[in-house]
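Heads up: the sequence shown runs through residues 1 to 624, numbered per UniProt numbering.
The beta-carbon is built from N, C-alpha and C at its ideal position, and this holds for glycine as well.
The structure appears right after this line, and notes come after that.
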Amino acid sequence: MAPTSARRRTPVVIVIAALAVIALVVGGIAFWRSTADDGTDAAEQLAGTLAEGGSDLDAEVLGALRDAGATAEVALADAGDAEDGTRTATYDWTWTLPDDAGTWEYTTTATLTKGEDGWAPQLTPAALGPELEDGEMLAVRAVDPELGTITDRDGTQLYGPRDVKVLGLDKSQLAADQLDSSARDLAAALGTDADRYAESVAGAGEEAFVPALTIRVSDEGEYDLARAGQVPGFHALEEQRPLAVERDYAPGVLGSLREATAEDVESSGGEIQAGDQVATGGVLAAEQDAILGTSGLEIVATGGEQERPLHEVDPVAGTTVRTTLDDDLQRRATAAIADEDSPSAVIALSASTGDVLAAALGPTGQSYPVGLVGQYAPGSTFKTVTALSLLRAGVTPDTELQCPETASVAGRSFKNADSMDPSLFGTMPLRSVIAHSCNTALLLQHETVSQAELADAATTLGIGQEAPAGLDAFMGSIDPADEGVEHAAAMMGQGRVLTSPLAMATVLASVQNGSTVTPRILADSEPAAPEIPTPLTEEEAAQMQEMLRGVVTDGSLDDFADLPGEPVIGKTGTAEYTNEEGELALHSWVIVAQGDLVVAAFVEDGSYGSVTAGPIAREVLAGQ
Numbered sequence: 001m002a003p004t005s006a007r008r009r010t011p012v013v014i015v016i017a018a019l020a021v022i023a024l025v026v027g028g029i030a031f032w033r034s035t036a037d038d039g040t041d042a043a044e045q046l047a048g049t050l051a052e053g054g055s056d057l058d059a060e061v062l063g064a065l066r067d068a069g070a071t072a073e074v075a076l077a078d079a080g081d082a083e084d085g086t087r088t089a090t091y092d093w094t095w096t097l098p099d100d101a102g103t104w105e106y107t108t109t110a111t112l113t114k115g116e117d118g119w120a121p122q123l124t125p126a127a128l129g130p131e132l133e134d135g136e137m138l139a140v141r142a143v144d145p146e147l148g149t150i151t152d153r154d155g156t157q158l159y160g161p162r163d164v165k166v167l168g169l170d171k172s173q174l175a176a177d178q179l180d181s182s183a184r185d186l187a188a189a190l191g192t193d194a195d196r197y198a199e200s201v202a203g204a205g206e207e208a209f210v211p212a213l214t215i216r217v218s219d220e221g222e223y224d225l226a227r228a229g230q231v232p233g234f235h236a237l238e239e240q241r242p243l244a245v246e247r248d249y250a251p252g253v254l255g256s257l258r259e260a261t262a263e264d265v266e267s268s269g270g271e272i273q274a275g276d277q278v279a280t281g282g283v284l285a286a287e288q289d290a291i292l293g294t295s296g297l298e299i300v301a302t303g304g305e306q307e308r309p310l311h312e313v314d315p316v317a318g319t320t321v322r323t324t325l326d327d328d329l330q331r332r333a334t335a336a337i338a339d340e341d342s343p344s345a346v347i348a349l350s351a352s353t354g355d356v357l358a359a360a361l362g363p364t365g366q367s368y369p370v371g372l373v374g375q376y377a378p379g380s381t382f383k384t385v386t387a388l389s390l391l392r393a394g395v396t397p398d399t400e401l402q403c404p405e406t407a408s409v410a411g412r413s414f415k416n417a418d419s420m421d422p423s424l425f426g427t428m429p430l431r432s433v434i435a436h437s438c439n440t441a442l443l444l445q446h447e448t449v450s451q452a453e454l455a456d457a458a459t460t461l462g463i464g465q466e467a468p469a470g471l472d473a474f475m476g477s478i479d480p481a482d483e484g485v486e487h488a489a490a491m492m493g494q495g496r497v498l499t500s501p502l503a504m505a506t507v508l509a510s511v512q513n514g515s516t517v518t519p520r521i522l523a524d525s526e527p528a529a530p531e532i533p534t535p536l537t538e539e540e541a542a543q544m545q546e547m548l549r550g551v552v553t554d555g556s557l558d559d560f561a562d563l564p565g566e567p568v569i570g571k572t573g574t575a576e577y578t579n580e581e582g583e584l585a586l587h588s589w590v591i592v593a594q595g596d597l598v599v600a601a602f603v604e605d606g607s608y609g610s611v612t613a614g615p616i617a618r619e620v621l622a623g624q
């Protein structure tokens, strides 16, 4: 019999030598069983299999970790000893955790047994995770960091955690036929959109709490909570949320936080996940990483008798971001514009630094901060730019110019403001043209300076530069190629010239400073100065300041002449536009400076600059 056995073994040995290993599927894993050795090759092969995962057991035990974006490397540390067809191998695991959360290392053991077809693993949860019991699995949880804050220039907190109440309906307390009526009754009590909220309630889960409105605890008195409390299913949750110190405080400057939408997640390339907070607009968007901090990570064993922590990465708390805002001045500017019923804004700058000290918005529910991103014809405030271009063309403050009641360019007729004293029509020096804001005098100088030269003067005074870091802002535009009627209209701030209140505040700040001002909102960063082809000279600045002082002593800003302190300089402006009703209406502008403080006041639908915007700007200056 011996020779027969020998003959039967020979072909088997040849097959093993040729193939070395054969493939099997164990628990959903493609695993290579070795029939040629004592199991060490199989133990080595298992390391790669464990790292790749793919089995039903791996998905159950490690699925949450892999779904979070972690990747594993598994190395055979010790193949163990083969005894009675069994060996216990030791494996070193190294997980690279998502979001730069470092690595997690641990060691497991796995048993391999030898059968008719070779060595095969007998996988259990303990082979995949550290000391896991049967039925246990890993869970991954984000650990939220402590949020940072935004302060004004002196450290007063403007944005940070606030006590809030989340008002809504608890669907578990409502019958199906109560949902629509409760949703609409609550929306009516809180002043929100009834159709939209009823739709949200209908689409939420059967046991869901559906928020209708989140309010500051400090604002409770502004809502009819007694009426809301009578709505079946009403419930209020007390939480803390990161919010501005007051509702509508410096809109467009601070920005806001909201929960990521499905669109945010999809377009982020994996950087944003459901439930993440997303910063939009202003300082929050620019300094999001610093303010939000970095989430931590907690890995726990679940499914057993008691949840067990296995690994934790501490979160990194957000930091404080200091802005250039002056809280007192911001509140004063907001109060000064509080009675306007048209989109309006007040911008305050430091002439010496470009610091944005205030950015107030009228209380009209307007959806965007017109002081920063509005695009409007600046009217006669732009004559500040025109005056500089004329000085560069050789016109002096004493040069006599014609100021007729009307003037025509290329067949289009222009006139002066109806409020201009007719006795002024005739000849007057440039200083008086600026003081009394004679449109026709500057219009008739359209051949003295080209559009390109006008645009160059605008650049010198800060028009068209990049928006400050941390602000969504429009810094103005003037096309240097305009000609004919468009160029003539641009000489008086009409035509295709567009600016924002921030841009016009920058113009006057540059005059007051004696060089081009670059606005900034982030107090601890120094903005790069724009390239200015033709810098403002000392003589030009002095002449401009003198002429703009004349607007106060002899012209339309005479109401500012009695303000105590340093001399006030400035310019009024009125720009015609056609409103939604097709009627001719007026933008009202004022830009003024006293010492280092520059204020731009703007009302979209107002009267002459001195009538509507002037008192607003005066109130801000007078409160110093």
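For residue j and residue i, the rounded distance between their alpha carbons
{"i": "Ala458", "j": "Phe602", "result": "19 Å"}
{"i": "Arg618", "j": "Phe560", "result": "7 Å"}
{"i": "Ala198", "j": "Asp479", "result": "50 Å"}
{"i": "Val13", "j": "Pro121", "result": "Its pLDDT being 29, under 50, Val13 is placed unreliably in this model, and the coordinates cannot settle the point."}
{"i": "Leu138", "j": "Ala89", "result": "22 Å"}
{"i": "Pro501", "j": "Val300", "result": "54 Å"}
{"i": "Gly462", "j": "Pro519", "result": "9 Å"}
{"i": "Leu471", "j": "Gly281", "result": "7 Å"}
{"i": "Ser342", "j": "Leu310", "result": "59 Å"}
{"i": "Pro315", "j": "Asp99", "result": "12 Å"}
{"i": "Ala441", "j": "Cys403", "result": "4 Å"}
{"i": "Gly484", "j": "Gly411", "result": "10 Å"}
{"i": "Glu583", "j": "Asp605", "result": "11 Å"}
{"i": "Glu271", "j": "Val265", "result": "8 Å"}
{"i": "Asp185", "j": "Asp327", "result": "39 Å"}
{"i": "Glu220", "j": "Ala489", "result": "51 Å"}
{"i": "Leu147", "j": "Thr294", "result": "9 Å"}
{"i": "Thr553", "j": "Leu401", "result": "20 Å"}
{"i": "Arg241", "j": "Thr103", "result": "32 Å"}
Contact set for residue i: own chain, Cβ-Cβ below 7 Å, skip 5 residues either direction
{"i": "Leu390", "result": "Leu430, Gln445, Thr448, Val449"}
{"i": "Asp170", "result": "Phe209, Gly233, His235"}
{"i": "Ser200", "result": "Val210"}
{"i": "Gly27", "result": "Reliability of the predicted coordinates at Gly27 is poor, the pLDDT of 43 falling under 50, and the value obtained from them is presented with this limitation in mind. Excluding sequence neighbours, Gly27 sits near Ser55, Asp56, Leu57, Leu123."}
{"i": "Arg549", "result": "Pro567, Ile569"}
{"i": "Glu206", "result": "Lys171"}
Contact set for residue i: own chain, Cβ-Cβ below 6 Å, skip 5 residues either direction
{"i": "Ala285", "result": "Gly255, Ala279"}
{"i": "Ala360", "result": "Ala333, Thr334, Ile337, Val346"}
{"i": "His277", "result": "Sequence check: residue 277 is Gln here, not His. Counting only Cβ-Cβ distances below 6 Å, and skipping sequence neighbours, we find Leu257."}
{"i": "Ala600", "result": "Ile347, Pro501, Met504, Ala505, Ile591"}
{"i": "Ser34", "result": "Unreliable placement is indicated for Ser34, whose pLDDT of 46 sits below 50; the coordinate value is still reported in the next sentence. Val21, Asp41, Ala42, Gly118, Trp119, listed in sequence order."}
{"i": "Arg8", "result": "With a pLDDT of 30 at Arg8, under the threshold of 50, the modelled position of that residue is not reliable, and no figure is offered here."}
Of the listed residues the options, nearest to residue i (C-alpha basis)
{"i": "Gly233", "options": "Tyr223, Ser295, Ala250, Ala212", "result": "Ala212"}
{"i": "Val507", "options": "Thr386, Glu52, Leu401, Glu246", "result": "Thr386"}
{"i": "Ala226", "options": "Asp170, Val61, Ala188, Thr94", "result": "Ala188"}
{"i": "Gly252", "options": "Ile337, Leu584, Ser181, Val370", "result": "Val370"}
{"i": "Thr460", "options": "Glu400, Asn416, Thr440, Ala529", "result": "Ala529"}
{"i": "Asp524", "options": "Val517, Glu287, His487", "result": "Glu287"}
{"i": "Thr406", "options": "Cys438, Pro397, Ala194", "result": "Cys438"}
{"i": "Thr534", "options": "Arg392, Asn416, Val497, Asp562", "result": "Arg392"}
{"i": "Gly168", "options": "Asn579, Glu206, Ala228", "result": "Ala228"}
Presumed contact (8 Å Cβ cut-off) between residue i and residue j, rounded CB distance
{"i": "Leu325", "j": "Leu158", "result": "7 Å"}
{"i": "Thr49", "j": "Ala70", "result": "Contact flag wrong, Cβ pair sits at about 17 Å."}
{"i": "Thr323", "j": "Asp152", "result": "6 Å"}
heavy atom of the ligand FMN below 7 Å from residue i C-beta
{"i": "Tyr197", "result": "What this structure holds is no ligand at all, so the ligand FMN is not there to describe."}
Simplified DSSP assignment, three categories, for residue i
{"i": "Pro125", "result": "helix"}
{"i": "Leu390", "result": "helix"}
{"i": "Glu239", "result": "strand"}
{"i": "Asp134", "result": "coil"}
{"i": "Phe425", "result": "coil"}
{"i": "Arg87", "result": "strand"}
{"i": "Gln173", "result": "helix"}
{"i": "Gln330", "result": "helix"}
{"i": "Thr108", "result": "strand"}
{"i": "Ile215", "result": "strand"}
{"i": "Thr302", "result": "strand"}
{"i": "Tyr197", "result": "helix"}
{"i": "Glu619", "result": "helix"}
{"i": "Asp144", "result": "coil"}
Other residues of its chain near residue i: CB distance less than 8 Å, five sequence neighbours each side excluded
{"i": "Gln494", "result": "Ala377, Gly379, Ala575, Glu576"}
{"i": "Ser408", "result": "Phe414"}
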